[in-house]
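K.L.:
Residue numbers (my numbering): 31 to 374.
Structure (structure tokens):
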């Protein structure tokens, strides 16, 4: 008769493979977390904070589990972790992949660029813009806060494009090598404006709306420490999201105010990620050029190590043939370049 093992050496089956439990749980938990983020979106402080944070936090747990599975030589668990990573890249982070499309004589290149009031390197910004060989340039933050009506920075940049047509409103500037048939200014809260110009392209008229969505919200106190700063970020996440949502009807009104038969582009710095009520409200009316013709994540902010996609080219009656993000430099944003086919 053998000697029985002590009771404390008997390990329940549920505890024999914690790696498997964690891997499978993560595979199902991440989609649920993503669904919660989309469902509640800007409705609450926690969901708004999750919505507007860089979505790279989704990658942490599956990457850790994949590493452990590879070390322990568990190929099936490694495959499950790879599936979790693929989900994170495709959905929360929004990875896109498209085959290149050839240009034709009707293709128009549009560059949208928040130039941070020229604080980075204004000559570099001008060289960058010229190197991109655009037909239309939509700039944001081109006016000093002390005198937005003057739009001195935008006018200075325009001097580097002799023969081009330029229009200014608030802190946005639109430059075009095409004739400008008309212009209109749509107000946003505070000093922000949406500048609409109708351009006579090679394929016919094109409405271009250049905007800079306000995101500023002042809390009722000043943080006293790093921890307090995080608390304040949580407290202001929901009110700040509401500031953006209040501008959605104004942007949609501007889009709907013109002739619906004329091709349209709404572009600029929206200070909002490609998810949530604000973005989905715009997408009900317009197409996202990068989603249709871009590759990768399309991250534009901050410039040196981009974590967020908050600059867009949204279209109607226009086909995006190519969309990509430019190199860093001259601003805290990167430029967004889009080749568009305008239908007459």
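We treat Cβ as the ideally placed atom computed from N, Cα and C, and that holds for glycine.
Would DSSP call residue 167 helix, strand or coil?
P.N.:
If DSSP states are grouped into helix, strand and coil, residue 167 belongs with the strands.
K.L.:
Using alpha carbons as the reference points, say which of 142, 373, 137 lies closest to residue 355.
P.N.:
Per the Cα distances, 142.
K.L.:
Assess contact between the segment 183–195 and the segment 134–153, defined as three or more Cβ pairs (one per stretch) separated by less than 8 angstroms. Is contact present?
P.N.:
Taking 8 angstroms as the limit for Cβ pairs, the verdict is that the segment 134–153 does touch the segment 183–195.
K.L.:
Measuring only the C-alpha atoms, how far is residue 343 from residue 297?
P.N.:
Whole-angstrom Cα-Cα distance: 4 angstroms.
K.L.:
With three or more C-beta pairs closer than 8 angstroms as the rule, is the segment 83–92 touching the segment 51–66?
P.N.:
They touch, by the three-pair rule.
K.L.:
Tell whether a beta-carbon distance below 8 angstroms holds between residue 212 and residue 245.
P.N.:
No, they are not a contact pair.
K.L.:
Tell me which residues share the same chain as residue 254 and place their Cβ nearer than 7 angstroms to its Cβ, disregarding the 5 neighbours each side in the sequence.
P.N.:
So no residue of the chain qualifies.
K.L.:
If you drop the 5 nearest sequence neighbours on each side, which residues of the same chain put their C-beta closer than 6 angstroms to that of residue 292?
P.N.:
So the list reads 235, 237, once near-sequence residues are dropped.
K.L.:
For the beta strand (DSSP E) containing residue 235, name the first residue and the last one.
P.N.:
Its beta strand (DSSP E) spans residues 234–242.
K.L.:
Where residue 182 and residue 198 are concerned, what is the direct C-alpha to C-alpha distance, given to the nearest angstrom?
P.N.:
Roughly 10 angstroms between the two C-alpha positions.
K.L.:
How would you call residue 328, buried or exposed, if buried means at least 16 neighbouring beta carbons within 10 angstroms?
P.N.:
Answer is buried; the Cβ neighbour count reaches 16.
K.L.:
Report yes or no: do the segment 353–369 and the segment 329–341 share at least 3 C-beta pairs separated by less than 8 angstroms?
P.N.:
Touching, yes, given that three or more Cβ pairs across the two stretches are closer than 8 angstroms.
K.L.:
Considering only their Cβ atoms, is the gap separating residue 136 from residue 56 smaller than 8 angstroms?
P.N.:
Not in contact: residue 56 and residue 136 (Cβ atoms no closer than 8 angstroms).
K.L.:
If contacts are defined as beta-carbon pairs under 8 angstroms, then residue 275 and residue 72 qualify, I think. What distance do you get, rounded to the angstrom?
P.N.:
So it is a contact: roughly 6 angstroms between Cβ atoms.
K.L.:
For residue 138 versus residue 370, is the C-beta spacing smaller than 8 angstroms?
P.N.:
In this structure, residue 370 lies closer than 8 angstroms to residue 138 by Cβ.
K.L.:
Check the DSSP bridge columns for residue 195 and list the partner residues they point to.
P.N.:
Per DSSP, 206.
K.L.:
With distances taken Cα to Cα, identify the nearest neighbour of residue 326 among 299, 281, 144, 128.
P.N.:
Considering only alpha carbons, the answer is 128.
K.L.:
DSSP puts residue 371 in a beta bridge; with which residues?
P.N.:
The partner list for residue 371 (beta bridge, DSSP) reads 137, 349.
K.L.:
Leaving out five residues on either side along the sequence, give the residues of the same chain with a beta carbon under 8 angstroms from the beta carbon of residue 316.
P.N.:
Within the same chain, residue 316 has close Cβ partners 285, 294, 296, 344, 345, 346.
K.L.:
Considering just the uninterrupted stretch of the alpha helix (DSSP H) at residue 258, what are its terminal residues?
P.N.:
Per DSSP, residue 258 belongs to the alpha helix (DSSP H) from 256–286.
K.L.:
Under the rule that 16 or more other beta-carbon atoms within 10 Å means buried, what is residue 51, buried or exposed?
P.N.:
Exposed, since its Cβ has fewer than 16 Cβ neighbours within 10 Å.
K.L.:
Using three-state DSSP, classify residue 335 as helix, strand or coil.
P.N.:
In the structure shown, residue 335 sits in coil (DSSP, three-state: anything other than H, G, I, E or B).
K.L.:
Measuring only the C-alpha atoms, how far is residue 130 from residue 262?
P.N.:
Each residue's Cα considered, the two are about 44 angstroms apart.
K.L.:
Short of 7 angstroms in beta carbon distance, which residues of its chain neighbour residue 264, apart from the five on each side in sequence? Order them along the chain.
P.N.:
Excluding positions up to five away in sequence, the list reads 75, 79.
K.L.:
If you follow the beta strand (DSSP E) that residue 97 is in, where does it begin and where does it stop?
P.N.:
Here residue 97 belongs to no beta strand (DSSP E); instead the alpha helix (DSSP H) covers 90–101.
K.L.:
Thinking C-beta only, is residue 324 closer than 8 angstroms to residue 278?
P.N.:
No, they are not a contact pair.
K.L.:
For residue 231 and residue 364, I'd like the C-alpha separation in whole angstroms.
P.N.:
Straight-line Cα distance between these residues: approximately 26 angstroms.
K.L.:
Can you tell me which of 287, 84, 47, 48 puts its alpha carbon nearest to the alpha carbon of residue 304?
P.N.:
Minimum Cα distance to residue 304 is reached at 84.
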